[in-house]
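Novice: Below is one structure. I have some questions about it.
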């Protein structure tokens, strides 16, 4: 099977970050749509935090499925990316690599290891009566690692660049840093100040919908740069 040799460019980085933004919103959309199906109403949200509508968790015992749905979607896309890494088509292989890391695998596991994240919410709900907080973190971390490591390992395995481990570390950490600075700090701060914060479609603030639409348009325009990142050898 041919390897993957990365040729990074500014246009690729921009396209990759746009993909990250779109997939982040997809993750949140899966949450809120599942919540709507279970609860019958839309809850409040921002760029990365959402809530069920009031009293839903008291009325619907399966509310936790809405919390689980987001990570499951992200994990499924990571595994789809891993599958595409096995392709003989260089474009699909390159897109598979981007798909794995645009879903921020390190963010998923690091948040769980700190006792947070969607996965921990579900784990605490299902197992809280039987285990301590530390045990719950260890159990959840092990489960998430079992899901996340195979796509990341496969991505490292196919790289043919010198010092491939540096590329791996970069793709694990820098997208998470971008998310923390640009989305969680920058965009959410504007939303908190009331900038286009009125909920409309699916209970989502106008600002989020507008920002996602711009990111999606940019991604469509720059999509070929996600393919030109790779050379096979």
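Residue numbers (the working numbering): 138 to 370.
Note that the Cβ used here is the ideal one computed from N, Cα and C, for glycine as well.
If we require 4 or more residues per run, which alpha helix (DSSP H) segments fall completely within the region 311-370?
Specialist: For the region 311-370, whole alpha helix (DSSP H) runs of length 4 or above, ordered along the chain, are 325-329, 343-359 and 361-364.
Novice: Please report how far the alpha carbon of residue 265 lies from the alpha carbon of residue 193, in whole angstroms.
Specialist: C-alpha separation (whole angstroms): 20 Å.
Novice: Measure the Cβ-Cβ separation of residue 325 and residue 228 and say whether it is below 8 Å.
Specialist: Taking 8 Å as the Cβ cut-off, residue 325 and residue 228 do not qualify as a contacting pair.
Novice: Would residue 361 be called buried (16 or more neighbouring beta carbons within 10 Å of its own) or exposed?
Specialist: Under this definition residue 361 is an exposed residue.
Novice: First and last residue of the alpha helix (DSSP H) that includes residue 250?
Specialist: Start and end: 242-250.
Novice: Taking contact to mean 3 or more Cβ pairs, one atom from each stretch, closer than 8 Å, check whether the region 219-228 and the region 289-302 are in contact.
Specialist: A contact exists between the region 219-228 and the region 289-302.
Novice: State the start and end residues of the unbroken alpha helix (DSSP H) segment that holds residue 234.
Specialist: Start and end: 227-239.
Novice: What is the DSSP secondary structure of residue 209, reduced to helix, strand or coil?
Specialist: Reduced to three states, the DSSP call for residue 209 is helix.
Novice: In whole angstroms, give me the CA-to-CA distance for residue 323 and residue 181.
Specialist: Answer to the nearest angstrom: the Cα atoms are 19 Å apart.
Novice: Which residue's Cα is closest to the Cα of residue 271: 148, 172 and 257?
Specialist: When only C-alpha atoms are compared, the closest one is 257.
Novice: My parser needs the beta strand (DSSP E) runs of 3 or more residues fully inside the region 262-319; what are they?
Specialist: As far as the region 262-319 is concerned, it has no whole beta strand (DSSP E) run of at least 3 residues.
Novice: Tell me which same chain residues have a C-beta within less than 7 Å of the C-beta of residue 154, skipping the five on either side of it?
Specialist: Answer for residue 154: 315, listed in chain order.
Novice: Alpha carbon to alpha carbon, how far is residue 83 from residue 166?
Specialist: In the structure displayed, the chain extends from 138 to 370; residue 83 sits before or after that span and is not available.
Novice: Name the DSSP beta bridge partners of residue 182, please?
Specialist: Looking at the DSSP assignment, residue 182 forms a beta bridge with 187.
Novice: Where do the ends of the alpha helix (DSSP H) carrying residue 254 lie?
Specialist: Residue 254 -> no alpha helix (DSSP H), and no H or E assigned at all.
Novice: Return no unless some Cβ of chain B is closer than 8 Å to the Cβ of residue 210.
Specialist: Going by chain labels, chain B is absent from the structure shown, which holds only one protein chain.
Novice: State the DSSP-derived secondary structure class of residue 154, mapped to helix, strand or coil.
Specialist: If DSSP states are grouped into helix, strand and coil, residue 154 belongs with the helices.
Novice: Of all the options 347, 226 and 287, which has the alpha carbon lying nearest to the alpha carbon of residue 214?
Specialist: Comparing Cα-Cα distances from residue 214 to each of 347, 226 and 287, the minimum goes to 287.
Novice: Taking residue 169 as the reference, which of 160, 354 and 190 has the closest Cα?
Specialist: The shortest Cα separation from residue 169 among 160, 354 and 190 belongs to 190.
Novice: Of the choices 158, 139 and 267, whose alpha-carbon is the least far from that of residue 355?
Specialist: Measuring from the Cα of residue 355, the nearest candidate turns out to be 158.
Novice: Under the assumption that residue 208 contacts residue 255 (Cβ atoms under 8 Å), give the Cβ distance between them as a whole number of angstroms.
Specialist: Indeed they touch by this definition, with Cβ atoms about 5 Å apart.
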